[in-house]
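A.B. asks:
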Amino acid sequence: QVQLVESGGGLVQPGGSLRLSCAASGSLFSIDLMGWYHQPPGKQRELVALIRSGGSTTYADSVRGRFTISRDNARNTVDLHMNNLKPEDTAVYYCYALVTGIGSWGQGTQVTVSS
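Start counting the sequence shown at 20; every next residue gets the next number (our numbering).
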């Protein structure tokens, strides 16, 4: 069983920055990938960014160039650095980890971008 704990959400003005962090614990034999999804109000959960064990990354078109995902394999953490935030980035952000082929989710952290 894998536990994921997110931190770093909050309220920020348009154009501002936030950093989300996620720490994984539990049965971490082999973490295939970690990443972030978000669920805007009234919409489905969707991919924001992923980083694989080898370091390759995938970003949603809407955040490419503004968000950066990074991972510390030794500490089993993944961060999402969000810059130039827009109101449409407002969502609950969920950490995701794929460990030996099984996916796990964090509880979610709210990010609100508003003036």
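Every residue, glycine too, gets a C-beta built ideally from N, C-alpha and C.
(1) Which same chain residues end up closer than 8 angstroms to S46 when comparing Cβ atoms and leaving out the 5 residues on each side of it in sequence?
(2) Measure the alpha-carbon distance for R71 versus V31 and round it to whole angstroms.
(3) Drop a sphere of 10 angstroms on the beta-carbon of E107, count the other beta-carbons inside from all chains shown, and report buried for 16 or more, exposed for fewer.
(4) Output needed for L23: all residues of its chain with C-beta closer than 7 angstroms, excluding positions within five of it in sequence on either side, in chain order.
(5) Please classify E65 as buried or exposed, where buried requires at least 16 other C-beta atoms within 10 Å of its C-beta.
(6) From the DSSP output, which residues share a beta bridge with V21?
(7) Between which residues of its own chain and T96 is the CB-CB distance below 8 angstroms, once the five residues before and five after are set aside?
(8) By Cβ distance below 7 angstroms, which residues in the same chain neighbour V132 in space, the five residues on each side in sequence not counted?
C.D. replies: Reading it off the structure:
(1) Hits under 8 angstroms: Q20, V21, V118.
(2) Those two C-alpha atoms are separated by around 29 angstroms.
(3) By the neighbour-count criterion, in which 16 or more other beta carbons inside 10 Å mark a residue as buried, E107 falls on the exposed side.
(4) Here the set comprises C41, A43, C114, A116, S123, W124, G125.
(5) Result: exposed.
(6) V21 is bridged to G45.
(7) Excluding positions up to five away in sequence, the list reads S40, C41, A42, A43, R90.
(8) Excluding the 5 residues flanking it on each side, V132 has same chain C-beta neighbours closer than 7 angstroms at V31, P33, L104, K105, P106, D108, T109, in chain order.
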